[in-house]
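Engineer:
Protein chains: 2
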Amino acid sequence: MDVNRARGARDFLPPQMHERQGVLDAIRATFEEHGFEPLDTPAFERIEVLTGKYGDEGDKLIFKILARGEAGERGECDLALRYDLTVPLARVVAMHGELRMPFKRYHMGPVWRADRPARGRFREFWQCDGDILGTTEPTAEAECLAFAWRALDRMGFGDVVLRINDRRLLKALACHLGVEDREGELLIAVDKLDKIGRDGVSAELEGRGFGAGVVSGLWEVLEGDDDPLERMGRVLADQPATAGAVATLREVVRRAELLGVPSTSLSIDPTIARGLDYYTGPIWEGVIPGANMGSVCSGGRYDGLVGMFSGQDVPAVGISLGLDRLMVLREERGLAPKATSAPVLVTIYDSENPDPSIRVARAFREAGIGADLFPDARKLKAQLKYADQRGYPWIAIVGPRESEAGTVQIKEAATRAQHDLPVADAIATVRASLAR
Amino acid sequence: MDVNRARGARDFLPPQMHERQGVLDAIRATFEEHGFEPLDTPAFERIEVLTGKYGDEGDKLIFKILARGEAGERGECDLALRYDLTVPLARVVAMHGELRMPFKRYHMGPVWRADRPARGRFREFWQCDGDILGTTEPTAEAECLAFAWRALDRMGFGDVVLRINDRRLLKALACHLGVEDREGELLIAVDKLDKIGRDGVSAELEGRGFGAGVVSGLWEVLEGDDDPLERMGRVLADQPATAGAVATLREVVRRAELLGVPSTSLSIDPTIARGLDYYTGPIWEGVIPGANMGSVCSGGRYDGLVGMFSGQDVPAVGISLGLDRLMVLREERGLAPKATSAPVLVTIYDSENPDPSIRVARAFREAGIGADLFPDARKLKAQLKYADQRGYPWIAIVGPRESEAGTVQIKEAATRAQHDLPVADAIATVRASLAR
Numbered sequence: 361m362d363v364n365r366a367r368g369a370r371d372f373l374p375p376q377m378h379e380r381q382g383v384l385d386a387i388r389a390t391f392e393e394h395g396f397e398p399l400d401t402p403a404f405e406r407i408e409v410l411t412g413k414y415g416d417e418g419d420k421l422i423f424k425i426l427a428r429g430e431a432g433e434r435g436e437c438d439l440a441l442r443y444d445l446t447v448p449l450a451r452v453v454a455m456h457g458e459l460r461m462p463f464k465r466y467h468m469g470p471v472w473r474a475d476r477p478a479r480g481r482f483r484e485f486w487q488c489d490g491d492i493l494g495t496t497e498p499t500a501e502a503e504c505l506a507f508a509w510r511a512l513d514r515m516g517f518g519d520v521v522l523r524i525n526d527r528r529l530l531k532a533l534a535c536h537l538g539v540e541d542r543e544g545e546l547l548i549a550v551d552k553l554d555k556i557g558r559d560g561v562s563a564e565l566e567g568r569g570f571g572a573g574v575v576s577g578l579w580e581v582l583e584g585d586d587d588p589l590e591r592m593g594r595v596l597a598d599q600p601a602t603a604g605a606v607a608t609l610r611e612v613v614r615r616a617e618l619l620g621v622p623s624t625s626l627s628i629d630p631t632i633a634r635g636l637d638y639y640t641g642p643i644w645e646g647v648i649p650g651a652n653m654g655s656v657c658s659g660g661r662y663d664g665l666v667g668m669f670s671g672q673d674v675p676a677v678g679i680s681l682g683l684d685r686l687m688v689l690r691e692e693r694g695l696a697p698k699a700t701s702a703p704v705l706v707t708i709y710d711s712e713n714p715d716p717s718i719r720v721a722r723a724f725r726e727a728g729i730g731a732d733l734f735p736d737a738r739k740l741k742a743q744l745k746y747a748d749q750r751g752y753p754w755i756a757i758v759g760p761r762e763s764e765a766g767t768v769q770i771k772e773a774a775t776r777a778q779h780d781l782p783v784a785d786a787i788a789t790v791r792a793s794l795a796r
Numbered sequence: 361m362d363v364n365r366a367r368g369a370r371d372f373l374p375p376q377m378h379e380r381q382g383v384l385d386a387i388r389a390t391f392e393e394h395g396f397e398p399l400d401t402p403a404f405e406r407i408e409v410l411t412g413k414y415g416d417e418g419d420k421l422i423f424k425i426l427a428r429g430e431a432g433e434r435g436e437c438d439l440a441l442r443y444d445l446t447v448p449l450a451r452v453v454a455m456h457g458e459l460r461m462p463f464k465r466y467h468m469g470p471v472w473r474a475d476r477p478a479r480g481r482f483r484e485f486w487q488c489d490g491d492i493l494g495t496t497e498p499t500a501e502a503e504c505l506a507f508a509w510r511a512l513d514r515m516g517f518g519d520v521v522l523r524i525n526d527r528r529l530l531k532a533l534a535c536h537l538g539v540e541d542r543e544g545e546l547l548i549a550v551d552k553l554d555k556i557g558r559d560g561v562s563a564e565l566e567g568r569g570f571g572a573g574v575v576s577g578l579w580e581v582l583e584g585d586d587d588p589l590e591r592m593g594r595v596l597a598d599q600p601a602t603a604g605a606v607a608t609l610r611e612v613v614r615r616a617e618l619l620g621v622p623s624t625s626l627s628i629d630p631t632i633a634r635g636l637d638y639y640t641g642p643i644w645e646g647v648i649p650g651a652n653m654g655s656v657c658s659g660g661r662y663d664g665l666v667g668m669f670s671g672q673d674v675p676a677v678g679i680s681l682g683l684d685r686l687m688v689l690r691e692e693r694g695l696a697p698k699a700t701s702a703p704v705l706v707t708i709y710d711s712e713n714p715d716p717s718i719r720v721a722r723a724f725r726e727a728g729i730g731a732d733l734f735p736d737a738r739k740l741k742a743q744l745k746y747a748d749q750r751g752y753p754w755i756a757i758v759g760p761r762e763s764e765a766g767t768v769q770i771k772e773a774a775t776r777a778q779h780d781l782p783v784a785d786a787i788a789t790v791r792a793s794l795a796r
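Residue numbers (our numbering), protein chains in the order written: chain U, 361 to 796; chain S, 361 to 796.
#1: Following the continuous beta strand (DSSP E) through U:ALA731, name the residue where it begins and the one where it ends.
#2: Can you tell me whether DSSP reads U:MET668 as helix, strand or coil?
#3: Once DSSP output is grouped into helix, strand and coil, what is the label at U:ASP684?
#4: So which residues of chain S does U:THR499 contact, with C-beta pairs closer than 8 Å?
#5: Looking at chain S, is there any beta carbon in it that lies within less than 7 Å of the beta carbon of U:MET377?
#6: Which same chain residues end up closer than 6 Å to S:LYS413 when comparing Cβ atoms and leaving out the 5 residues on each side of it in sequence?
#7: Where does the unbroken beta strand (DSSP E) through U:SER711 begin, and where does it stop?
#8: Closer than 7 Å, Cβ to Cβ, to anything on chain S: give me those residues from the segment 602–626 of chain U, in chain order.
#9: Express the C-alpha separation of U:ILE524 and U:SER627 in angstroms, rounding to a whole number.
#10: Give the single residue among S:ALA389, S:PHE463, S:LEU445 and S:ASP438 whose Cα lies nearest to the Cα of U:ALA747.
#11: Residues in its own chain within less than 8 Å of U:VAL452 by CB, not counting five upstream and five downstream?
#12: For the segment 532–552 of chain U against the segment 596–607 of chain U, do three or more pairs of beta-carbon atoms, one drawn from each stretch, fall closer than 8 Å, so that the two count as touching?
#13: Does S:CYS488 come within less than 7 Å of chain U when only Cβ atoms are used?
#14: Do three or more CB pairs link the segment 780–788 of chain U to the segment 365–375 of chain U at distances below 8 Å?
#15: In chain order, what residues of the same chain lie with their CB nearer than 6 Å to the CB of U:PRO588, ignoring the 5 residues before and after it?
#16: Taking 8 Å as the cut-off, does the segment 641–652 of chain S touch the segment 509–525 of chain S (at least 3 CB pairs, one atom from each stretch)?
#17: Please return the same chain residues whose Cβ sits closer than 6 Å to the Cβ of U:VAL706, not counting the five positions on each side in sequence.
#18: Would you check if the segment 385–400 of chain S and the segment 498–514 of chain S touch, i.e. whether three or more CB-CB distances between them fall below 8 Å?
#19: Leaving aside the five residues before and after U:ASP444 along the sequence, list all residues of the same chain whose C-beta is less than 6 Å from its C-beta, in chain order.
#20: Can you list the alpha helix (DSSP H) stretches of 4 or more residues lying completely in the segment 477–556 of chain U, in chain order?
#21: Using only the heavy atoms of the ligand PLP, determine whether one of them is closer than 6 Å to the beta carbon of U:PRO716.
#22: Name the residues in the segment 424–455 of chain U whose C-beta lies less than 7 Å from a C-beta of chain S; which are they?
#23: Check the Cβ-Cβ distances between U:ALA474 and every residue of chain S, and say whether any is below 7 Å.
#24: From U:ALA723, U:ASP419, U:PRO675 and U:ARG479, pick the residue whose C-alpha is nearest to that of U:ALA786; which is it?
#25: Beta-carbon within less than 6 Å of S:LEU529's beta-carbon, same chain only, minus the 5 sequence neighbours each way: which residues are those?
#26: In chain order, which alpha helix (DSSP H) runs of at least 4 residues are fully inside the segment 417–466 of chain U?
#27: By the three-class DSSP mapping on this structure, what secondary structure does S:THR631 have?
#28: For S:PRO735 versus U:THR640, is the C-beta distance shorter than 7 Å?
#29: I want to see whether chain S comes within less than 7 Å of U:ASP814, judged by CB atoms only; does it?
#30: Please determine, among S:LEU596, S:PRO714, S:ALA699 and S:LEU565, the residue with the shortest C-alpha to C-alpha distance to U:ARG615.
#31: Rounding to the nearest angstrom, what Cα-Cα distance links U:GLY682 and S:CYS504 in this structure?
#32: Taking 7 Å as the CB-CB limit, is U:THR411 close to chain S?
#33: Any C-beta of chain S within less than 8 Å: which residues of the segment 391–416 of chain U qualify?
#34: Going along the chain, which residues of its own chain have a beta-carbon closer than 7 Å to the beta-carbon of U:ALA403, five neighbours each way excluded?
#35: Excluding the 5 residues flanking S:ARG685 on each side, which residues of the same chain have their C-beta closer than 6 Å to its C-beta?
#36: With a threshold of 8 Å, are at least 3 pairs of Cβ atoms found where one atom belongs to the segment 415–428 of chain U and the other to the segment 414–426 of chain S?
As structure tokens, then:
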């Protein structure tokens, strides 16, 4: 029978799952360490909750669910798969008046977009979002950055550079250059700086009809060897929002450092624009030096969005980690996860008498060490091949001689060392190797 | 704005999430301890993978996803949300020839059914499934039972009774009674024994036209003070499958005991029928004594299903834990989870100078103790109220005096004890309380 998976979706077999779970556990532990509280929402929302929130292009990418019964026969849809975790958060805030502010929540789970599948682009993918609602203090931004750095450090990416800017400074820049009404176009071009370089951006802007004065004025802000925050403050001093935004960013960076983020991982970068319209204050993205990859995390302040259903004013700042990119980078850096759920495979020597092996598996498990028990008694050679293919760190063999003596033969895959030991000593040996 | 969640779906706010995560962590750890390997599949499958697998009633409950583009405009659906985790497993086995048997996998995740929502019945709910593929040895059944008991014991339900029967004995019973062609009807009535009692079942069978001899013959097998397995073996000795099924069940129970399941938690029960057609051998369900609730776990051998797409013969045995029922029971038993992600709330005394509080939060976190940092400096009283509402076990206060002395005031919510300590000592005090 010809059978296939849905396009753009993925199965995760055990080796990938061990890797993903390890990373998700690290992210979750870091969220909790920083006081973010867990939240979960359904995979689907009423369709009217989602439509109109992501622009025309986004609306086309929403997976719609056919209504049941007669409405469905007419082709009507009443539900849709969530497109991100932010609109569901806004819906939760509106529905649950008992939630007190400030509210720090994290949410890790899949979202669905009917994008054209491509390398690294999937129709089902996970987001790991943390958001702090109900406060405008820069401590909230600093907490998001501290969380991101610590989580990435745990995953082996302590060298991440968090590039920080402020939406208000980008707006001030457009005003300062006299192209306030074309801010979007300006930012789209600047956003390509990493890809097409300075000359490419200049050419694009000129092609779009921006004057030479605008382009040179732009580089006066974006470029320089001096402190970029000071430069923005000086050049954009004619704009009313500048001083406040500069002071906020300075405080965000200072508090993030106080929270333990190394200064080498914090970089004010006037060229960071972030695509999403809804940001209203500080914005950031994290990139891994030397990795040929976009940002691994991003976020910022978006004070207008979370209150959209509740009608209340709910200031918010958030951080999102990109799980799929982190998976690719970890593989590139050779950060290998555990190969199997349990470190020990207990083989079965005699199909007529599995009891000695069963007892050994139980003893390992009761000592807190996972043990797989080979479920039937095919030839020992086949069981050892199975252990080798799966990558069990340890193999236990209980033959008639061991069974009689109350011992077990344990074999370490990495060193090929083999020991015939009383069960308690075998457990101690494996435990010691796992602690190394 | 009127905003609502999808019908039959749930939001999980932080207190419920802490509880669910604790239970899911325990289940996952027990799966891994028993050598089950993790697997994940997409939320949706191609619609033809799911339709026709769950009977006519099941087909109606499948959530269908509208195709994108022109086909969608015609009302066509090409995808559907998964209805269980078993059909996706069969699809994975067919698609991934590299999977070697035996294959022990676990899968924990949501499934979706467009059932009419009712108390305790949801349209999105989680399944926690473990299956052992590729072997017919009763060790596989015993491993499923051992896993289930150990996981339930970890959750506070070591008193669970695993009621075990065999599909082949039910079939032999129908043959023995001369109603082989009406086995389904017979089992549906027997399945109601818990609800309607012996007289109710007899009345139902007579109402359906079963003869008095059939009904009395039935009770001869189902009732008695003697060992039920021996009784079934004796009364059903005229059927060819009986001896083998009895021997298998005896071995399943013996090996489960060897693996550590208390004999009080293992009960051969000739009345267990399990609804699903696809079981082919041993079947079981777990019930909590004294709880007014159906089974909290169930499973059995189903040798015909997993190979349905691959065309291969893939014997299989599985166990499924019912997360939602376990949640209800845990609440009834007062098994309380942690209240907050981080055990400490660090308050902010002076909005102009949050630095002392930031430093204390960092010190806790770097010592491996989660600390929430109140993000802004509303009145201390408001912060203490927030801590009380959320249920933080510890509150840290850093006023000007403490800041100068390098100390922190920590307050334990449970005892209202308050200490003014150097930061390192405060950390040690909280750590000691968490270890208790």
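Even for Gly, the Cβ is constructed at its ideal location relative to N, Cα and C.
Quick caveat: nothing in here was measured; it's all calculated off a predicted structure.
Structural biologist: In brief:
#1: Segment 731–733, the beta strand (DSSP E) holding U:ALA731.
#2: Helix, per DSSP.
#3: Look at U:ASP684 here: in three-state DSSP terms it is helix.
#4: Those within 8 Å of U:THR499 in chain S are ILE708, PRO714, ILE718, LEU733, PRO735 and ASP736.
#5: Residue contact with chain S for U:MET377: present (Cβ-Cβ distance below 7 Å to some residue of chain S).
#6: Within the same chain, S:LYS413 has close Cβ partners VAL447.
#7: Unbroken run through U:SER711: none, as it is neither H nor E.
#8: Within the segment 602–626 of chain U, the qualifying residues are ARG615, LEU618, LEU619 and GLY620.
#9: So the two alpha carbons sit approximately 6 Å from each other.
#10: It is S:PHE463 whose Cα lies nearest to the Cα of U:ALA747.
#11: Excluding residues within five positions, the ones whose Cβ falls inside 8 Å are LEU399, THR401 and LEU459.
#12: Three or more pairs of CB atoms, one per stretch, sit closer than 8 Å, so the segment 532–552 of chain U contacts the segment 596–607 of chain U.
#13: Closer than 7 Å: no.
#14: Counting Cβ pairs under 8 Å, fewer than three are found: no touch.
#15: For U:PRO588, where only same-chain residues beyond five positions count, the Cβ hits under 6 Å are ILE628 and PRO630.
#16: The segment 509–525 of chain S is in contact with the segment 641–652 of chain S.
#17: Hits under 6 Å: SER717, VAL720, ALA721, ALA731, LEU733 and ALA756.
#18: With the rule of 3 Cβ pairs closer than 8 Å, the segment 498–514 of chain S counts as touching the segment 385–400 of chain S.
#19: Closer than 6 Å at the Cβ level, and outside the excluded window around U:ASP444, lie VAL471.
#20: Qualifying alpha helix (DSSP H) stretches, in chain order: 498–514, 527–536 and 543–550.
#21: With respect to small molecules bound, the structure shown includes none, and the ligand PLP cannot be examined in it.
#22: Answer set for the segment 424–455 of chain U: LYS424, ILE425, LEU426, ARG428, GLY435, CYS437, LEU439, ARG451, VAL452, ALA454 and MET455.
#23: Taking Cβ atoms only, chain S reaches closer than 7 Å to U:ALA474, which makes this a yes.
#24: The residue with the shortest Cα to Cα distance from U:ALA786 is U:ALA723.
#25: Correct list, in chain order: MET592 and ALA605.
#26: Entirely contained in the segment 417–466 of chain U, the alpha helix (DSSP H) runs reaching 4 residues are, in chain order, 429–433 and 446–455.
#27: Assigned with DSSP and collapsed to three states, S:THR631 falls in coil, not helix or strand.
#28: 7 Å or more divides the Cβ of S:PRO735 from the Cβ of U:THR640.
#29: Nothing can be reported for residue 814 of chain U: it is not among the residues displayed for chain U, which extend from 361 to 796.
#30: Among S:LEU596, S:PRO714, S:ALA699 and S:LEU565, the Cα nearest to that of U:ARG615 is on S:PRO714.
#31: Per the coordinates, the alpha-carbon of U:GLY682 lies some 36 Å from the alpha-carbon of S:CYS504.
#32: With 7 Å as the cut-off, U:THR411 does not count as an interface residue toward chain S.
#33: From the segment 391–416 of chain U, only PHE391, GLU392, GLU393, HIS394, GLY395, PHE396, GLU397, PRO398, LEU399, ASP400, THR401, PRO402, ALA403, PHE404, GLU405, ARG406 and VAL409 have a Cβ closer than 8 Å to chain S.
#34: Around U:ALA403: LEU441 and ARG442.
#35: So the qualifying residues of the chain are MET653 and VAL656.
#36: Yes, they touch.
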